[in-house]
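Participant:
Protein chains: 2
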Amino acid sequence: MSPDHVRKLDRLDPLAGKRDLFVLPEGLIYLDGNSLGALPVAAQQRAAEIVAQQWGQDLVKSWNTHAWIDLPVKVGEKIAPMLGAAVGQVICCDSISVNLFKLLAAALQMQTDRHVILSQEDNFPADLYIAEGLGRISASGTLELKLVEDNGIEEAMDESVAVLMLTHVNYKSGKIHDMRRLTQLAHDKGILVVWDLAHSAGAVPLALDDCHVDFAVGCGYKYLNGGPGSPAFIYAAKRHQDRIRQPLSGWMGHAAPFAFDTQYLAAQGMRQFLCGTPPILSMGVLDAALDVFEGLDMQVLRDKSRQLGELFLEQAADTGCLAEFELVSPTDSTQRGSQLALGHPRAFAICQALIDRGVIADFRAPDVLRLGFAPLYLRYRDIARSVEILADVMAGKIYQEEKYSKRQKVT
Amino acid sequence: MSPDHVRKLDRLDPLAGKRDLFVLPEGLIYLDGNSLGALPVAAQQRAAEIVAQQWGQDLVKSWNTHAWIDLPVKVGEKIAPMLGAAVGQVICCDSISVNLFKLLAAALQMQTDRHVILSQEDNFPADLYIAEGLGRISASGTLELKLVEDNGIEEAMDESVAVLMLTHVNYKSGKIHDMRRLTQLAHDKGILVVWDLAHSAGAVPLALDDCHVDFAVGCGYKYLNGGPGSPAFIYAAKRHQDRIRQPLSGWMGHAAPFAFDTQYLAAQGMRQFLCGTPPILSMGVLDAALDVFEGLDMQVLRDKSRQLGELFLEQAADTGCLAEFELVSPTDSTQRGSQLALGHPRAFAICQALIDRGVIADFRAPDVLRLGFAPLYLRYRDIARSVEILADVMAGKIYQEEKYSKRQKVT
């Protein structure tokens, strides 16, 4: 594909203006927005305002005057339209892991005669760890975590399964599950479904209500650009909200937190998922970060994200630089999220060589080079340039240089 | 006490210089540092640095280059000396409520034949809610939360009790428990003890190791000045760390989080208490805020805090403005934390009238006016002035004005 064509893609990009809403380091090509989203200008401003004015000057009064107390609801409702969720079903709080614990425990209590959580072997391991942890203290005492391969999920759905827990877009391969179909199949067997939207929210259009999803969790710091360790969110379908009892029953989830009653009485609706005092600074920054999505058609975002990935593969094919790689992601761009996973035994060294050359990619053990395409701030020319750099690294076998081949992954 | 004497107290205050380390609103007297600590200058600077440089410029690389991955340990170790805790026993993470859940579950698993959590009726209710929540899903299925009055704790410690859960400084009255004695008595009966240090850490000297405390939790946003909803901390005695299994087994608590193993393997030491990705912005700000304690003798802090409270009561006695109040806190300043609780049927209206006059106090339902004395940034003259304002409010019965008497507490 010619440079002219790449320039044309940028010129015609309906999202081109969004890039100006971000602070981006000069000269860097950031292909890791699926790990940590870039900094929105509004988020930087909000951080300064929360610290200087809300905390520094207005102090404890800000719980009312700046409505800190409502921030989890406010942020949840800002995320909701991106999930295809009507009002009153999304709240921002804690981390994905903590939220998953709440939801799995709540779902299991709704399924008193079933004791299996079904999930996928290559699900994001943290999700599996949480199910394991819950199993260790679960009242049933017989909670079983059953892991199957991707292609064995449908077959494994039987009447023993209480909860199906899946990640919508696989963290490594980027493969997208058919949410509508799997949710329907699960419901046919009386199974509740918990979806992890970590690599979906803000990247692919979602229709949770329309797919009759039961529960979901998602992440604030990837495509939602909320900053490092930004709080996560929970979705719970309205129809379930009156029957939920979740075990992390902290005071912020109480019907009247400041009445200081001795006994817990869960709040109505989504507030019942709140636990301790929320990290206002991190959550307020996420609130501001979400404004870049205002009025945005998620399909336009999705179209660009697919085109970015396709451009990468086309350009790479032209240079032949992927000869040694295995495409771990689905070849059809409609079947993968906003990322590409490229398998190579030296993926870690290649990733390091790219980073040294200003292309921030990600490595996922043991052998995957992961490239994320955040369509809000990446240009087509960035993709073309990143392919040139990868081609140099591969052609010159630069990743075999001692400093790369000997470098070890620490974290 | 004469104005001269008050001036002298300020002049001789060994902590006077610490006030300059804080951003404080002009003309405000802030007696609510026990709810939300004031803003340290260093915290403001750090917030800007984390956002602009670490997130904005260095992006995902900051997990290594700015050691985000070690932040929970680093912050924990900064807090440790204030708790009288040797290295390797404190970590910063999540909220008090979430952390309490981890510890209670872990402690109960160490006490397989006992099923009672003993606590105090007027413990901070959120702590009770968490014990309740754990009880609902606990594997024993028979977990009982037993609540007794303050003076019934010792008698209630018997061989049925697995865990004694107490707040060291009562959130309302400020009454201090004898940590050494109660921990010893509990151990004599084979009971493990979990202390909540929300109103202790950064306000009163603590000696957790020396008192053979088993477990503790504490708060980052009160006397530690970490900002609204700042992450909390956990203390776990070294001797227990190899036997702990906590159910919120998220990936940050895994021995090798980035190996992406399917099975959970808990990290050694305190990292096993980590769950999801920490809120770096909020935690980094707490890290900077803690520097105001560097090299500080906690006894000097405690002495000033007691003197501030005593000055308040002396000045108030001179004016007679406490005639209608009941002192809910212990009269002996050695028996209370860094706060005073004053009971009055119209406490809410009085609190509002004070706030309108620039004295930020706190109300605790149903009838307590709570005044916190944060010795790092309060001057003796502030205390004297706050008494004058309270005296005006009481003498003029200003709190009976329609706008106060009709105002309702919302949050």
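Sequences listed follow chains A and B, in order.
Numbering-wise, the working numbering puts 405 at position 405 of the first sequence, and it's gapless, one number per residue.
Going from the second sequence to the working numbering is simple: count from 1 and add 411.
Note that beta-carbon positions come from the ideal geometry of N, C-alpha and C, so glycine has one too.
Being a predicted model, the structure only gives us computed values, none of them experimental.
(1) Kindly examine the ligand COA and report whether one of its heavy atoms sits closer than 7 Å to the Cβ of residue 82 (chain A).
(2) Under a Cβ-count criterion, where at least 16 other Cβ atoms within 10 Å of its own Cβ denotes burial, should residue 180 (chain A) be classed as buried or exposed?
(3) Nearest to residue 166 (chain A) by CA position, among A:133, A:209, A:213, is which residue?
(4) Name the two residues that bound the continuous alpha helix (DSSP H) containing residue 626 (chain B).
(5) Between the Cα of residue 368 (chain A) and the Cα atoms of A:14, A:110, A:172, which residue gives the shortest distance?
(6) Whose Cβ in chain A lies nearer than 7 Å to the Cβ of residue 606 (chain B)?
(7) Any chance you could list the alpha helix (DSSP H) runs of at least 4 consecutive residues sitting entirely within the segment 110 to 138 of chain A, in chain order?
(8) Checking contacts by CB at 8 Å: is residue 417 (chain B) closer than that to chain A?
(9) Going along the chain, which unbroken runs of the beta strand (DSSP E) with 3 or more residues stay wholly within the segment 752 to 810 of chain B?
(10) Mind checking residue 123 (chain A): buried by the 16 CB within 10 Å criterion, or exposed?
(11) Could you tell me whether any Cβ in chain B is nearer than 8 Å to the Cβ of residue 276 (chain A)?
(12) Are the segment 352 to 361 of chain A and the segment 318 to 335 of chain A touching, with three or more C-beta to C-beta distances below 8 Å?
(13) Helix, strand or coil, according to DSSP, for residue 257 (chain A) in the structure here?
(14) May I have the straight-line CA-CA distance separating residue 403 (chain A) from residue 348 (chain A), to the nearest angstrom?
(15) Taking 8 Å as the CB-CB limit, is residue 596 (chain B) close to chain A?
(16) Grouping DSSP H, G and I as helix and E and B as strand, with all else coil, what is residue 750 (chain B)?
(17) Determine, for residue 665 (chain B), whether the minimum Cβ-Cβ distance to residues of chain A falls below 8 Å.
(18) Could you tell me if residue 139 (chain A) is buried or exposed, where buried requires 16 or more neighbouring beta carbons within 10 angstroms of its beta carbon?
(19) What is the DSSP secondary structure of residue 401 (chain A), reduced to helix, strand or coil?
(20) By the criterion of Cβ-Cβ separation under 8 Å, what are the contact partners of residue 696 (chain B) in chain D?
(21) So residue 298 (chain A) packs on residue 73 (chain A), CB below 8 Å; how close in whole Å?
(22) Just the chain B side, please: which residues come within less than 8 Å of residue 360 (chain A) by C-beta, in chain order?
(23) Given residue 433 (chain B), which residues of its chain have a CB within under 6 Å of its CB, disregarding the five upstream and five downstream residues?
(24) If we define contact as Cβ-Cβ less than 8 Å, is residue 816 (chain B) a contact residue for chain A?
(25) Quick one: what does DSSP say residue 96 (chain A) is sitting in, helix, strand or coil?
(26) Which residue spans inside the segment 169 to 217 of chain A form an unbroken alpha helix (DSSP H) run of at least 4?
(27) Cα separation between residue 63 (chain A) and residue 439 (chain B)?
(28) Using C-beta distances below 6 Å, list every residue in its chain close to residue 490 (chain B), excluding the 5 sequence neighbours before and after it, in chain order.
(29) For residue 804 (chain B), would you say it is in contact with chain A, using Cβ-to-Cβ distances shorter than 8 Å as the test?
(30) Using a Cβ-Cβ cut-off of 7 Å (strictly less than) and excluding sequence neighbours within five positions of residue 243 (chain A), which residues of its own chain qualify?
(31) Take residue 821 (chain B) and list the residues in its own chain whose beta-carbon comes closer than 7 Å to its own, dropping the five residues that flank it on each side.
(32) For the segment 110 to 133 of chain A, which residues have a CB atom closer than 7 Å to at least one CB atom of chain B, in sequence order?
(33) Would you call the segment 112 to 122 of chain A and the segment 224 to 240 of chain A in contact, with 3 or more CB pairs under 8 Å?
(34) Per DSSP, what kind of secondary structure is residue 460 (chain B) in: helix, strand or coil?
(35) Residues of chain B with CB under 7 Å from residue 398 (chain A), in chain order?
(36) Looking at the structure shown, is residue 736 (chain B) part of a helix, part of a strand, or coil, going by DSSP?
Facilitator: Taking the geometry as given:
(1) As presented, the structure is devoid of all ligands, the ligand COA included, so that no description of it is given.
(2) By the neighbour-count criterion, in which a residue is buried when 16 or more other Cβ atoms sit within 10 angstroms of its Cβ, residue 180 (chain A) is exposed.
(3) When each option's Cα is compared against that of residue 166 (chain A), the closest is A:213.
(4) Run containing residue 626 (chain B): none in the alpha helix (DSSP H); it sits in the beta strand (DSSP E), 626 to 629.
(5) When each option's Cα is compared against that of residue 368 (chain A), the closest is A:172.
(6) Near residue 606 (chain B) there are no residues of chain A at all, since even the closest Cβ is about 17 Å away, more than 7 Å.
(7) Complete alpha helix (DSSP H) runs here, min 4: 125 to 137.
(8) Cβ-Cβ to chain A under 8 Å: no for residue 417 (chain B).
(9) DSSP runs (the beta strand (DSSP E)) wholly in the segment 752 to 810 of chain B: 773 to 775, 779 to 783.
(10) That one is buried.
(11) Taking Cβ atoms only, chain B reaches closer than 8 Å to residue 276 (chain A), which makes this a yes.
(12) As far as the Cβ criterion goes, the segment 352 to 361 of chain A does not touch the segment 318 to 335 of chain A, which means the pair count is below three.
(13) Helix.
(14) Computed Cα separation, rounded: 12 Å.
(15) At a cut-off of 8 Å between C-beta atoms, residue 596 (chain B) does not count as an interface residue with respect to chain A.
(16) DSSP places residue 750 (chain B) in strand when its eight states are reduced to three.
(17) Residue contact with chain A for residue 665 (chain B): present (Cβ-Cβ distance below 8 Å to some residue of chain A).
(18) Buried.
(19) Reduced to three states, the DSSP call for residue 401 (chain A) is coil.
(20) Looking for chain D here will not work: the only protein chains present are A and B.
(21) Incorrect: roughly 22 Å between the Cβ atoms, too far for contact.
(22) Result: 470, 471, 472.
(23) Correct list, in chain order: 449, 451, 788.
(24) No, its Cβ sits nowhere closer than 8 Å to a Cβ of chain A.
(25) Helix, per DSSP.
(26) The segment 169 to 217 of chain A contains these whole alpha helix (DSSP H) runs: 179 to 188.
(27) If I take the Cα positions, the gap works out to 17 Å.
(28) If we look at residue 490 (chain B) and ignore the five residues flanking it on each side, its Cβ neighbours are 501, 644.
(29) Answer no: the Cβ-Cβ gap between residue 804 (chain B) and chain A never drops below 8 Å.
(30) The residues are 110.
(31) Here residue 821 (chain B) scores only 48 on pLDDT, less than 50, and its place in the model is too uncertain to base an answer on.
(32) If the cut-off is 7 Å between Cβ atoms, the segment 110 to 133 of chain A has 121, 125, 126, 128, 129, 130, 132, 133 near chain B.
(33) Contact between the segment 112 to 122 of chain A and the segment 224 to 240 of chain A is absent: fewer than three C-beta pairs spanning the two stretches fall below 8 Å.
(34) When DSSP states are grouped into helix, strand and coil, residue 460 (chain B) belongs to the helix group.
(35) Simply none; closest approach about 19 Å.
(36) DSSP, read as helix, strand or coil, puts residue 736 (chain B) in coil.
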